[in-house]
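Chemist: Under the UniProt record's numbering, residues 1 to 286 are what the sequence shown spells out, in order. Here a beta-carbon is modelled for each residue, glycine too, at the ideal position from N, C-alpha and C. Computed from a prediction, not measured in an experiment: that's the story for all the values here.
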Amino acid sequence: MAVHSHPVAIISDEFTNPNTVNMLNEVTRQLNARGLAAVLLNVNSRESYQAALRSVAPLSPAGLLFLTSLFDDELEIAAGILPQVHSVHLAPSDSRAADVVIADGFDVGQQMAALLLAQGHQRFGFLQARETAIPDRYLAGYQAGLQQHSALTVQLTAGEFDRERAYQAVMGYLRKTRAAERINALFCASDVLALGALQAVRDFGQGAHVAVVGVDDIDEARASTWHLTSWAQRRDLLVTEALNRLLEQRSDTSNAWQQGELQVRHSHLGKHVPGEMSQCGCAIRH
Numbered sequence: 001m002a003v004h005s006h007p008v009a010i011i012s013d014e015f016t017n018p019n020t021v022n023m024l025n026e027v028t029r030q031l032n033a034r035g036l037a038a039v040l041l042n043v044n045s046r047e048s049y050q051a052a053l054r055s056v057a058p059l060s061p062a063g064l065l066f067l068t069s070l071f072d073d074e075l076e077i078a079a080g081i082l083p084q085v086h087s088v089h090l091a092p093s094d095s096r097a098a099d100v101v102i103a104d105g106f107d108v109g110q111q112m113a114a115l116l117l118a119q120g121h122q123r124f125g126f127l128q129a130r131e132t133a134i135p136d137r138y139l140a141g142y143q144a145g146l147q148q149h150s151a152l153t154v155q156l157t158a159g160e161f162d163r164e165r166a167y168q169a170v171m172g173y174l175r176k177t178r179a180a181e182r183i184n185a186l187f188c189a190s191d192v193l194a195l196g197a198l199q200a201v202r203d204f205g206q207g208a209h210v211a212v213v214g215v216d217d218i219d220e221a222r223a224s225t226w227h228l229t230s231w232a233q234r235r236d237l238l239v240t241e242a243l244n245r246l247l248e249q250r251s252d253t254s255n256a257w258q259q260g261e262l263q264v265r266h267s268h269l270g271k272h273v274p275g276e277m278s279q280c281g282c283a284i285r286h
């Protein structure tokens, strides 16, 4: 297999997020199959981002692939250091100029709303990592799915895609909200946030039951500890589309790559699931 001389630069702010790691595995697998090498750029500030781009400039990268969106002006910075190098985002971006390849978040939000409404939940919440300039598509779809029968009660922000930050956001909400007014269903914009939320409900106790659902279907979501209901994106299709755009300037306009599948487990349910072991939506084992 011939290896091309110009690598693809893969950019992320961290390689510890489980979904980022899973996406990275798929990207490198497909790059290997195409005979291309990868260079990983781990950045956490504008300064480190600029330094990383300058360090890879002598390699004349074949393209830039963003696994996370870093800054509002990340594309302008890249264009100044690596002119004529195309980029694709495998993550939402605040830049309207970004070439973004992600699942249809609006459809995901609608599916989650339908699932939670079917369980008879009455008060609904949404947990996101951070507020963005471009409205969250998960949230928009979720609200659209709820509007015929209910309304979004609470919108929480963790600050980052971080389990501990999600834990603190949900714990703070539970502590300050009267039991009769608390949400009983929470849609989280990622599984990492969802696991933090579930842990907060578990630790809070006091009879609180909150059904929780997430997005990404990371490995831990399937663990018996959580039984997290999650929406699984097709990483293989997303990466194929991203690399086709990046390396061949070819797009699949059918958007078939946006498909995914709802992985239904226990965490979206109410207080009781009949069976050998009772389960509730907050993953407490009784």
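Start and end of the alpha helix (DSSP H) containing residue 55?
Modeler: Against the sequence shown, residue 55 aligns to sequence position 55. Its alpha helix (DSSP H) spans residues 46-56.
Chemist: Looking at C-alpha atoms only, which residue of 250, 124, 101 and 69 is the closest neighbour of residue 152?
Modeler: As a position in the sequence shown, residue 152 is number 152, starting the count at 1. Comparing Cα-Cα distances from residue 152 to each of 250, 124, 101 and 69, the minimum goes to 124.
Chemist: For the candidate residues 43, 202 and 101, whose alpha-carbon lies nearest to that of residue 250?
Modeler: As a first step, residue 250 is located in the sequence shown; it is residue number 250 there, counting from the start. Among 43, 202 and 101, the Cα nearest to that of residue 250 belongs to 101.
Chemist: For the alpha helix (DSSP H) containing residue 199, list its first residue and its last residue.
Modeler: For the purposes of this step, residue 199 is identified with residue 199 of the sequence shown, where counting begins at 1. It spans 191-204 - the alpha helix (DSSP H) in which residue 199 sits, taken as one unbroken run.
Chemist: For residue 10, which of helix, strand or coil comes out of DSSP?
Modeler: Here the question's residue 10 lines up with position 10 in the sequence shown. Strand at residue 10.
Chemist: Write down the C-beta distance between residue 288 and residue 128 rounded to the nearest angstrom, noting that I regard them as a contact closer than 8 Å.
Modeler: With the chain running from 1 to 286 in the structure shown, residue 288 is simply not present.
Chemist: Which same chain residues, not among the five before or five after residue 360, have their C-beta less than 7 Å away from its C-beta?
Modeler: There is simply no residue 360 to check, as the chain begins at 1 and stops at 286 in what is shown.
Chemist: With a cut-off of 8 Å on the beta carbons, I'd call residue 9 and residue 41 a contact; round off their distance for me.
Modeler: As a first step, residue 9 is located in the sequence shown; it is residue number 9 there, counting from the start. As a first step, residue 41 is located in the sequence shown; it is residue number 41 there, counting from the start. Residue 9 to residue 41, Cβ: 6 Å. Contact.
Chemist: Would residue 65 and residue 43 be called neighbours here (beta carbons separated by less than 8 Å)?
Modeler: The count along the sequence shown starts at 1 and reaches residue 65 at position 65. The count along the sequence shown starts at 1 and reaches residue 43 at position 43. No, the Cβ-Cβ distance between residue 65 and residue 43 is not below 8 Å.
Chemist: Classify residue 111: buried if its beta carbon has 16 or more other beta carbons within 10 angstroms, exposed otherwise.
Modeler: As a first step, residue 111 must be located in the sequence shown, where it is residue number 111. That one is buried.
Chemist: Around the C-beta of residue 15, are 16 or more other C-beta atoms found within 10 angstroms, so that it is buried, or is it exposed?
Modeler: Within the sequence shown, numbered from 1, the residue matching residue 15 stands at position 15. Exposed, since its Cβ has fewer than 16 Cβ neighbours within 10 Å.
Chemist: Which residue wins for smallest C-alpha separation from residue 96, given the options 103, 118, 260 and 73?
Modeler: By one-based count along the sequence shown, residue 96 stands at place 96. Checked all of 103, 118, 260 and 73; the closest Cα to residue 96 is 73.
Chemist: Figure out for me which residue from 239, 252, 121 and 168 has the closest Cα to the Cα of residue 181.
Modeler: Your numbering for residue 181 matches position 181 in the sequence shown. Comparing Cα-Cα distances from residue 181 to each of 239, 252, 121 and 168, the minimum goes to 121.
Chemist: I need the straight-line Cα distance from residue 283 to residue 87, nearest angstrom please.
Modeler: For the purposes of this step, residue 283 is taken as residue 283 along the sequence shown, with counting starting at 1. For the purposes of this step, residue 87 is taken as residue 87 along the sequence shown, with counting starting at 1. Its pLDDT being 48, under 50, residue 283 is placed unreliably in this model, and the coordinates cannot settle the point.
Chemist: Quick one, are the C-beta atoms of residue 262 and residue 231 less than 8 Å apart?
Modeler: By 1-based counting over the sequence shown, the position of residue 262 is 262. By 1-based counting over the sequence shown, the position of residue 231 is 231. Contact: yes.
Chemist: Just how far apart, CA to CA, sit residue 236 and residue 179?
Modeler: Mapped onto the sequence shown, residue 236 falls at position 236. Mapped onto the sequence shown, residue 179 falls at position 179. Answer to the nearest angstrom: the Cα atoms are 43 Å apart.
Chemist: Excluding five sequence neighbours on each side, which residues of the same chain lie with their C-beta closer than 6 Å to the C-beta of residue 68?
Modeler: Working through the sequence shown from its first residue, we reach residue 68 at position 68. Closer than 6 Å at Cβ, skipping near neighbours: 12, 13 and 91.
Chemist: Can you have a look at residue 276 and say buried or exposed, based on whether 16 or more other CB atoms are within 10 angstroms of its CB?
Modeler: As a position in the sequence shown, residue 276 is number 276, starting the count at 1. With a pLDDT of 39 at residue 276, under the threshold of 50, the modelled position of this residue cannot be trusted, and the question is left open.
Chemist: Quick check on residue 46: buried or exposed, where buried means 16 or more other Cβ atoms within 10 Å of its Cβ?
Modeler: By 1-based counting over the sequence shown, the position of residue 46 is 46. Residue 46 is exposed by the Cβ-count criterion.
Chemist: Tell me where the alpha helix (DSSP H) around residue 26 begins and ends.
Modeler: Locating residue 26 in the sequence shown gives position 26, where the first residue counts as 1. It spans 18-33 - the alpha helix (DSSP H) in which residue 26 sits, taken as one unbroken run.
Chemist: Quick check on the DSSP output: the alpha helix (DSSP H) that includes residue 76 runs from which residue to which?
Modeler: Your numbering for residue 76 matches position 76 in the sequence shown. Residue 76 -> alpha helix (DSSP H) spans 74-81.
Chemist: By the three-class DSSP mapping on this structure, what secondary structure does residue 88 have?
Modeler: What you label residue 88 is simply residue 88 of the sequence shown in a count that begins at 1. Three-state result, residue 88: strand.
Chemist: Drop a sphere of 10 angstroms on the beta-carbon of residue 219, count the other beta-carbons inside from all chains shown, and report buried for 16 or more, exposed for fewer.
Modeler: By 1-based counting over the sequence shown, the position of residue 219 is 219. When all chains shown are included, residue 219 counts as exposed.
Chemist: Among residues of its own chain, excluding the 5 on either side of residue 61, which ones have a beta-carbon nearer than 8 Å to its beta-carbon?
Modeler: For the purposes of this step, residue 61 is taken as residue 61 along the sequence shown, with counting starting at 1. Within the same chain, residue 61 has close Cβ partners 6, 7, 8, 9, 39, 82 and 85.
Chemist: Could you check what DSSP says for residue 211 in three-state terms: helix, strand or coil?
Modeler: On the sequence shown, position 211 is the one that residue 211 refers to. Strand at residue 211.
Chemist: Expressed to the nearest angstrom, what Euclidean distance is found between the alpha-carbon atoms of residue 23 and residue 109?
Modeler: By 1-based counting over the sequence shown, the position of residue 23 is 23. By 1-based counting over the sequence shown, the position of residue 109 is 109. So the two alpha carbons sit approximately 21 Å from each other.
Chemist: Which same chain residues, not among the five before or five after residue 199, have their C-beta less than 6 Å away from its C-beta?
Modeler: Numbered from 1 along the sequence shown, position 199 holds the residue referred to as residue 199. Answer for residue 199: 167, listed in chain order.
Chemist: Smallest Cα separation from residue 118: which of 161, 149 and 163?
Modeler: Counting from one through the sequence shown, the residue named residue 118 turns up at place 118. Residue 118 has its Cα closest to that of 149, out of 161, 149 and 163.
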